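Colleague:
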Amino acid sequence: MNRTTSKNSARAARIRRRKRKRIMKTILLLLLMAVLAGGGGYLVYTLNMGALAELPETFRASREFSGSDLSVDQKRAKSFAADLCVVEEDVPLDSVSLESGQSGLLFDLSNKKVLYSNGTYNRVYPASITKIMTAMLALKYGNMDETVTITQENVTLEEGSQVCGFQAGDRLTLDQLVHCLLVYSGNDAASAIAEYVGGSTSNFVDMMNSYAAKLGCTGTHFTNPHGLQDENHYTTPYDIYLMLKEALKYPEFTEITQLSSYTVEYTRADGSQMATYLDATDHYLTGEASTPRDVTILGGKTGTTSEAGNCLALLSQNAYGNPYISIVMGASSKELLYQQMSSLLVNINGN
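Residue 1 is where the sequence shown starts when you use my numbering, and the numbers rise one by one after that.
This is the structure:
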């Protein structure tokens with residue numbers, strides 16, 4: 001083999017080696033592309049159908065409750081009512097008989113049970129039961145030790161109105177006024193409280209309606225702080241229950257509403273001292289009516305006008321210390337009112 005032939009053979013061998021390298025690189029590149037393509041496909045699958053697709057979405061009530069039995073408002077209502085006695089229909093009791101046009105209820109607060117219900121959501125005139133709300137706002141926003149001066153507006157009330165006998169210029173504390181309000185149901189005391197706490201009677205009435213709405217009192221509208229008759233001043237027995245239940249959060253409320261009497265000592269405009277003895281308006285407290293055996297009255301409020309009739313809302317407890325709220329609205333006489341209330345209360349030791 002000559003030198004030229006040898007060179008040609010070597011050159012051919014190098015060319016073949018380069019071709020094989022290019023082929024191997026091409027194969028490796030194709031394999032890498034295949035691997036990358038497969039990984040990308042798996043990633044797309046994972047994003048669309050795999051674990052990442054199961055990440056929780058932002059909460060939306062409309063989506064969560066869509067197609068369910070309860071609407072969003074109903075869900076809220078259910079939560080709101082979790083600590084309440086809920087009335088779905090009238091519930092009779094053999095011992096209780098109210099007259100036509102009357103309404104009332106008996107609720108077991110411990111077990112959230114409706115023992116009696118008659119016209120619970122009917123619109124009624126509250127008369128002085130209004131003062132439950134007036135007292136609450138005084139206890140919530142007022143300084144009980146601060147001195148309040150009676151104004152002419154406070155004593156300019158309709159003829160025959162229940163008053164403590166205050167005169168413009170008289171001075172006494174807010175605490176004394178609340179006692180006069182709840183024990184004797186003084187309308188002049190209610191007016192003075194409203195003016196002191198609210199700055200004006202109209203502003204105080206706005207506060208009353210706002211607080212009632214906050215408590216869920218959907219059937220209530222106030223126009224004054226005392227309950228004197230106004231066709232636009234109304235409530236329902238169930239709303240009274242809501243207000244009285246809220247009032248029980250203020251220890252002073254039941255401390256005062258258990259009193260059988262109260263003597264208010266105050267200063268007249270001329271500096272002289274005055275003392276007035278006031279009997280409670282609740283006949284159970286004064287002994288004019290007797291409670292059933294093993295029933296203790298813890299507090300409440302009376303109310304009476306010609307349009308509202310005779311009304312009574314009570315918190316009481318049975319022999320075991322369990323609390324109950326009972327309400328009778330629209331009795332034709334005080335005697336009948338306490339007979340009907342006792343016919344409710346006689347049931348609380350059997351539950």
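Positions of the beta carbon are idealized from the N, C-alpha and C atoms, including for glycine.
As the structure is a computational prediction, the values presented were derived from the model and not from experiment.
#1: Could you please give the first and the last residue of the uninterrupted beta strand (DSSP E) stretch that includes Met329?
#2: Quick check: the Cα distance between Thr156 and Gln167, rounded to an integer number of angstroms?
#3: Starting from Ser261, trace the beta strand (DSSP E) both ways and give me its first and last residue.
#4: For Asn310, which residues in the same chain have their Cβ closer than 6 angstroms to its Cβ, ignoring the five residues on either side in sequence?
#5: At a cut of 8 angstroms, does the segment 184–200 reach the segment 143–161 through at least three beta carbon pairs?
#6: Roughly how many whole angstroms lie between the Cα atoms of Asn318 and Glu307?
#7: For Ser95, collect the residues of the same chain with a Cβ closer than 7 angstroms to its Cβ; drop the 5 residues on either side in sequence, then sort them by chain order.
#8: State buried or exposed for Glu255, treating a residue as buried only when at least 16 other CB atoms are found within 10 Å of its CB.
#9: Give a yes or no on whether the C-beta atoms belonging to Ile193 and Thr302 are separated by under 9 angstroms.
#10: Any idea which residues DSSP pairs Tyr277 with across the strands?
#11: Going by CA-CA distance only, name the one from Gly199, His179 and Met243 that's closest to Tyr141.
#12: Check whether the segment 218–233 touches the segment 260–273, counting contact only when three or more Cβ pairs, one atom from each stretch, lie closer than 8 angstroms.
#13: Here's the rule I'm using: 16 or more other beta-carbon atoms within 10 Å means buried, otherwise exposed. How should Ala275 be labelled?
#14: Check for me: the beta strand (DSSP E) holding Lys245 runs from which residue to which?
#15: Measuring only the C-alpha atoms, how far is Val295 from Asp279?
#16: Do you know offhand how far Val44's Cα is from Asp83's?
#17: Quick check on the DSSP output: the beta strand (DSSP E) that includes Asn122 runs from which residue to which?
#18: Quick one: grab the DSSP three-state call for Tyr234.
#19: The beta strand (DSSP E) spanning Ile132 covers which residue range?
#20: Thinking Met243 and Met329 are a contact (beta carbons under 8 angstroms), I'd like their distance in whole angstroms, please.
#21: Which residues share a DSSP beta bridge with Val197?
#22: DSSP three-state label for Ile150, please.
Modeller: Working from what's here:
#1: Unbroken beta strand (DSSP E) run through Met329: Pro323 to Ala331.
#2: 10 angstroms
#3: Ser261 to Thr267
#4: Thr304, Ala331, Lys334 and Leu337
#5: Cβ pair count under 8 angstroms is three or more, so yes.
#6: Near 33 angstroms, if we compare the C-alpha coordinates of Glu307 and Asn318.
#7: Correct list, in chain order: Ser343, Val346 and Asn347.
#8: exposed
#9: Taking a C-beta distance under 9 angstroms as the contact criterion, Ile193 and Thr302 do not qualify as a contact pair.
#10: Answer is Thr263, bridged to Tyr277.
#11: Gly199
#12: no
#13: exposed
#14: Careful: Lys245 lies outside any beta strand (DSSP E), inside the alpha helix (DSSP H) at Pro237 to Ala247.
#15: 22 angstroms
#16: With a pLDDT of 44 at Val44, under the threshold of 50, the modelled position of that residue is not reliable, and no figure is offered here.
#17: No beta strand (DSSP E) holds Asn122; DSSP gives it neither H nor E.
#18: strand
#19: First-last for Ile132: Lys131 to Tyr141, but that is the alpha helix (DSSP H), not the beta strand (DSSP E).
#20: Actually they do not touch by this definition, with Cβ atoms about 14 angstroms apart.
#21: Its beta-bridge partners do not exist; DSSP assigns none.
#22: coil
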